[in-house]
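Worksheet: one structure, shown below.
This is the structure in structure tokens:
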């Protein structure tokens, strides 16, 4: 599990790689929250291009970060999910709350 | 049920074993040559069931989780995940989408919904104080050759 956060045109892009499950979610949550609270970006993009697995722990991770971004006056987007990850996202109905592209 | 091959894997309820369980299932099912999507569905369902055992069944204790994978005649995959943890008081309620007893840990309450959507059959048997057994089945598509 790896995370690389960069700023581009006012947006923060967090490139995640590896697998998102309950075991890994805690570390990701800590790193993302630390960044959100310190940088207060107006927009955070979670780039899932290199995520090879995600179960419903990922839904909790996205929902929690969306809530925190909202509290900080920003918004969250999830980008570049693989088709099988999109199926988990779709099942959760999270696209009603978070922009999924 | 005619069993062609089977494997039993027992692991302590450590969260790091969520990925170990997925790896075991993937390795075992290679012999059936599932599609990427079928394997992904099964791995996700197994991950949900094992996570439930780690997070809920053994919340205040440690114990073992038993994973059984069988390849049945007719290209059907049978999976059983069993724990001897605290059990689920109300299985019907636990299976409702978005129901969770651990919102503070960002559990989405979608574990059983994922298992039921990604597998063909799902059965949950639980006894308070004794443990939970999750059984799932999925038939793999026939090969052309």
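Residue numbers (the numbering used here), protein chains in the order written: chain A, 1 to 101; chain B, 102 to 246.
The C-beta atom is built at its ideal place from N, Cα and C for all residues, glycine as well.
Here the structure is a predicted model, which is why all the values come from computation and not from measurement.
How would you label residue i, buried or exposed, when you count the other beta carbons within 10 angstroms and need 16 or more for buried?
i             : result
residue 228/B : exposed
residue 96/A  : exposed
residue 37/A  : exposed
residue 101/A : exposed
residue 160/B : exposed
residue 237/B : buried
residue 30/A  : exposed
residue 214/B : buried
residue 69/A  : buried
residue 147/B : buried
residue 162/B : exposed
residue 54/A  : buried
residue 7/A   : exposed
residue 244/B : exposed
residue 93/A  : exposed
Just how far apart, CA to CA, sit residue i and residue j?
i             : j             : result
residue 226/B : residue 196/B : 12 Å
residue 209/B : residue 128/B : 28 Å
residue 156/B : residue 126/B : 20 Å
residue 26/A  : residue 168/B : 24 Å
residue 174/B : residue 140/B : 18 Å
residue 61/A  : residue 207/B : 7 Å
residue 113/B : residue 11/A  : 42 Å
residue 205/B : residue 239/B : 33 Å
residue 41/A  : residue 72/A  : 8 Å
residue 104/B : residue 142/B : 21 Å
residue 170/B : residue 122/B : 10 Å
residue 89/A  : residue 230/B : 33 Å
residue 77/A  : residue 106/B : 44 Å
Which stretch, first to last residue, makes up the beta strand (DSSP E) that contains residue i?
i             : result
residue 168/B : 165-173
residue 218/B : Unbroken run through residue 218/B is the alpha helix (DSSP H), 212-219; no beta strand (DSSP E).
residue 233/B : 232-240
residue 53/A  : 43-54
residue 37/A  : Careful: residue 37/A lies outside any beta strand (DSSP E), inside the alpha helix (DSSP H) at 22-39.
residue 89/A  : Per DSSP, residue 89/A belongs to no beta strand (DSSP E); it is in the alpha helix (DSSP H), 83-92.
residue 227/B : 222-228
residue 103/B : No beta strand (DSSP E) contains residue 103/B, which DSSP labels as neither H nor E.
residue 119/B : Here residue 119/B belongs to no beta strand (DSSP E); instead the alpha helix (DSSP H) covers 118-130.
residue 207/B : Note, residue 207/B: premise wrong, no beta strand (DSSP E); not H, not E.
residue 77/A  : 75-79
Could you check whether the Cβ of residue i sits closer than 9 Å to any Cβ belonging to chain A?
i             : result
residue 155/B : yes
residue 134/B : no
residue 144/B : yes
residue 137/B : yes
residue 129/B : no
residue 228/B : no
residue 177/B : no
residue 149/B : yes
residue 45/B  : The structure shown does not extend to residue 45/B, since chain B is modelled only from 102 through 246, so no value can be given for it.
Taking 9 Å as the CB-CB cut-off, is residue i touching chain B?
i            : result
residue 53/A : yes
residue 83/A : yes
residue 36/A : no
residue 88/A : yes
residue 63/A : yes
residue 92/A : yes
residue 59/A : yes
residue 66/A : no
Please list the terminal residues of the continuous alpha helix (DSSP H) segment that includes residue i.
i             : result
residue 158/B : Neither: residue 158/B is in no alpha helix (DSSP H) and is coded neither H nor E.
residue 181/B : It is not in any alpha helix (DSSP H) - residue 181/B instead sits in the beta strand (DSSP E) that spans 177-184.
residue 144/B : 137-153
residue 8/A   : That residue, residue 8/A, is in no alpha helix (DSSP H); its beta strand (DSSP E) goes 2-8.
residue 194/B : 192-195
Identify each residue in the region 203-214 of chain B for which the Cβ-Cβ distance to at least one residue of chain C is less than 7 Å, and report them in chain order.
The displayed structure is made up of protein chains A and B, and chain C is not among them.
May I ask you to list, following chain order, the residues of the region 180-201 of chain B that have a beta carbon less than 7 Å from some beta carbon of chain A?
Within the region 180-201 of chain B, contact with chain A at the beta-carbon level (separation under 7 Å) is assigned to no residue.
Using a beta-carbon distance cut-off of less than 7 Å, what residues from the region 233-245 of chain B approach chain A?
Residues of the region 233-245 of chain B that bring their beta carbon within less than 7 Å of a beta carbon in chain A are absent altogether.
Along the region 8-32 of chain A, what residues have a CB closer than 9 Å to any CB found in chain B?
19, 21, 22, 23, 24, 25, 26, 29
Short of 9 Å Cβ to Cβ, which residues in the region 109-123 of chain B face chain A?
115, 116, 117, 118, 119, 120, 123
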